[in-house]
Amino acid sequence: MKKLLMILGSLGVVASSAATVVACDKGTKNDKVDELKKELASIGEMIKEQEKSREPNAKGLKEIKQLIEKFQNIKNNEEAIKALAELKVAKEKLLKTINVPENPEIIKGAISKKLNAINANNPLLIPTKIALNEVEDQNHNAVVQALKTFLKAKIANLNLEKLTITIKENQFAKLGNDVITLGNLKADVKYNDEVIKADGWSLPYASEYLKQGKDIIQSLEQGIFKEAGNIKIPDSLPMVGGQSLNEFLKFVGLLVDKIIPTKIPTNFSEQDSDYKTMHGLFDMVKSFANEIWTKEIKLELNTSFQLSIMGAQQELIIKGMLKTSLEKIVSNIMPVIINFKNFINNQPNKDLISNLLKYIVSKPTSYNDDGYGELFENIKDNKDKKVEFKSNFEAILFFLLEGWKDKDGKQITQGQPLEFYLNIVGMQEANFAFFEKTIAGKNYIPFNVLIEPSELIKIIFGLAAIQENSVVKATLLGGAIRDFELPIGKLLGSSLIKMLLAMDTSANFDDHVQMTLDKFEAEIQVLHDKNWTKLTPENLQTAEEMRIIVKSVAYTLKDNEGQHPIKKILHPSDRNVFEFKLNISGEFLNPKK
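Read in order, the letters of the sequence shown correspond to residues -18 to -1, 1 to 575 in mature numbering (1 follows the signal peptide of the UniProt record, and there is no 0).
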């Protein structure tokens, strides 16, 4: 889930930008300006009340007053949208600092409410250096301090000198036969020398490790079912927060024709209307997220493989580095984005993910007379031989490694969009391009020599059914290495599959729990005529939807010190351990008729 939220966070930049287009397109109707005026008036009333209270100089009050003064003369929607987003953040900060009156009766009610909320699903967490807390009876002082810390964090005006906690019973959690039993304490609580509850509280409690371990065990035993289209966008993102992904994409669909042309520009100048539309999109993104848009992205790889060379096992050490930017990637694959939008419009089924995979393995073709196929008609290698593109995957690589040029040879961005440096021990560093050539005296090794695009597509379909010991064979270095075994099960089991299974865990799960997959069985499946079957190149063409499932898993949990293992096995059954339907609608890509 954390990885997904990162992606959704990026989408929020586009959403905010898109909202500006819609707002500005309404001409004289300044609905966002009216909304801003109402919000400023509301905050103004809140400030007046706050200034009457005992804390007139609350943290954040000065900041929001300055914003009110700054925004009160805004007259257009574009500025109003930005102002509303900034006010929302400042208002939330201020609300967190405004305390309730220090009234003992109010405080007692708040204490009661917070202690009543502690239960088996939400136990009190006792911080300790030993994640299991092996001692059955915890030190009373440590438990009292944990309770006081918990209550103070929840109730800002709590006076700890007036709070008295008496522990009557105290037995911590136990771990036996891979089963977690939460601990329990009984406590009497007084505030201002008054008993809050006659019979006190019976409170379950545990360490972070046991709590989080218990949560993921219960989650996997019940089965996890997710739908990509229903994933919620974080509330923190202005204007689109709280919407599902599919709802957000419907909103984006209103802008597709405004910001993405239907035909591919042939000339990178304002005289080309399609280029003008596309360049307007880039300018809009820059105005909202220029730093993200232009910032250099650098990824480094350092790995090793055991290879059999002339009958002897040898270690091959590979070091690589990739450099690019979001601006370079998006700008150079715009022909693919435009063409894919038109491709979706020509498909009877609008499911985004299955159509995207269909598109990637399809030969480059024009749709709706968009001019895409013509881009590949006269491309030649350095031996003046025409290059045949067998898939859009190859086309994407071509644009990323060679760059997109207009009919006059002008490139959309400067330099090679995707710079890929590779250093195999014993060989010199090389920069990869799509076709072998010499530029400025430097020899570029063809990408196909490392691994052919068709081999990469074979690897994609090799992911359709994987276990912990699965391997995918590929041919590398122009056939010099044949049937190279990529340990895909081991690689994905320790990354993607584990991440999916831990999708519903808390944000700090990895700080307290070490999770390893001992065995697993996963598949990518497609839906056709109401039946789910494993993905193949053949059934992809009739796929209506796709999903990722984990049929069975054996896993081990340990605390952050690598101690106190808990082993669990979930065998195949009628219910999958994990199911993630990739049901994202591509309707938003349909251009206007």
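C-beta atoms are modelled at their ideal positions from N, C-alpha and C, and glycine is treated no differently.
- W386, DSSP secondary structure in three states: coil
- Message: Three or more C-beta pairs under 8 Å: does that hold for the region 164 to 177 against the region 198 to 215?
- Response: no
- Item | Three or more C-beta pairs below 8 Å linking the region 370 to 384 and the region 230 to 250 | no
- Query: Counting Cβ pairs, one atom from each stretch, are 3 or more of them under 8 Å apart for the region 351 to 366 and the region 243 to 257?
  - Reply: yes
- Item | Cβ-Cβ distance between G195 and L509 below 7 Å | no
- Message: Suppose you measure from the CA of I149 to the CA of S184; what does that come to, to the nearest Å?
- Response: 10 Å
- For the beta strand (DSSP E) that P186 lies in, which residues bound it at each end? W183 to A188
- Is it buried or exposed for D333, if we count other Cβ within 10 angstroms and need 16 for buried? buried
- Task: Grab me the residues of S452's own chain with a C-beta within less than 7 Å of its C-beta, minus the 5 sequence neighbours each way, in chain order.
- Result: I470 and G471
- CB-CB under 7 Å to I335, same chain, minus the five flanking residues each way: which ones, in chain order? M528, L564 and I566
- Limits of the alpha helix (DSSP H) - the one that E543 falls within: That residue, E543, is in no alpha helix (DSSP H); it is neither H nor E in DSSP.
- Query: Which residue from E505, K64 and D160 puts its Cα closest to that of Q545?
  - Reply: D160
- Alpha carbon to alpha carbon, how far is E51 from E21? Give it in angstroms, no decimals. 13 Å
- Item | Alpha-carbon spacing of L43 relative to V125, whole angstroms | 37 Å
- Message: Which residue wins for smallest C-alpha separation from Q295, given the options I326, F466, P216 and L129?
- Response: F466
- Nearest-angstrom Cβ-Cβ length linking N572 and K533, presumed shorter than 8 Å: Not really, about 36 Å apart at Cβ, beyond 8 Å.
- Residue range of the beta strand (DSSP E) that K501 falls in? V495 to H510
- Query: Among residues of its own chain, excluding the 5 on either side of K14, which ones have a beta-carbon nearer than 6 Å to its beta-carbon?
  - Reply: A5, N59, A62 and I63
- Report back the beta-carbon spacing between L49 and A23 to the nearest angstrom; my notes put them in contact at under 8 Å. Contact doesn't hold; Cβ gap of about 14 Å is too wide.
- Message: Quick check on the burial criterion: 16 or more other C-beta atoms within 10 angstroms. Buried or exposed for H494?
- Response: buried
- Query: Cα separation between residue 603 and E370?
  - Reply: Residue 603 lies beyond the stretch modelled for the chain, which goes from -18 to 575, so this question has no answer here.
- Query: Mapping DSSP to helix, strand and coil, what is S255?
  - Reply: helix
- Item | Burial state of Q398, where buried means 16 or more other Cβ atoms lie within 10 Å | buried
- Task: Give the DSSP-derived three-state secondary structure of A62 in the structure shown.
- Result: helix
- Straight-line Cα distance separating D486 from G158: 25 Å
- Task: Could you name the residues of the same chain whose beta carbon sits closer than 8 Å to that of Y173, not counting the 5 residues immediately before and after it, in chain order?
- Result: P86, I89, K90, I93, K144, L145 and T146
- Query: Among F53, I530 and L236, which one has its Cα closest to the Cα of L445?
  - Reply: I530
- Can you tell me the Cβ-Cβ gap for E278 and K305, rounded? I've got them flagged as a contact below 8 Å. 6 Å
- Please name the residue in L18, M266, Y187 and V171 whose C-alpha comes closest to that of N103. Y187
- Distance, Cα to Cα, L478 vs E252? 44 Å
- What is the DSSP secondary structure of Y191, reduced to helix, strand or coil? helix
- Query: A135 lies in the alpha helix (DSSP H); which residues open and close that run?
  - Reply: H122 to K136
- Message: Just list the residues that DSSP pairs K516 with in beta bridges.
- Response: Q507
- Does DSSP put L237 in a helix, a strand or coil? coil
- Task: Could you tell me whether the Cβ atoms of V318 and I241 are closer together than 7 Å?
- Result: no
- Item | Three-state secondary structure (DSSP) of G9 | Because G9 carries a pLDDT of 40, less than 50, the predicted location of this residue cannot be relied on, and no value is offered for it.
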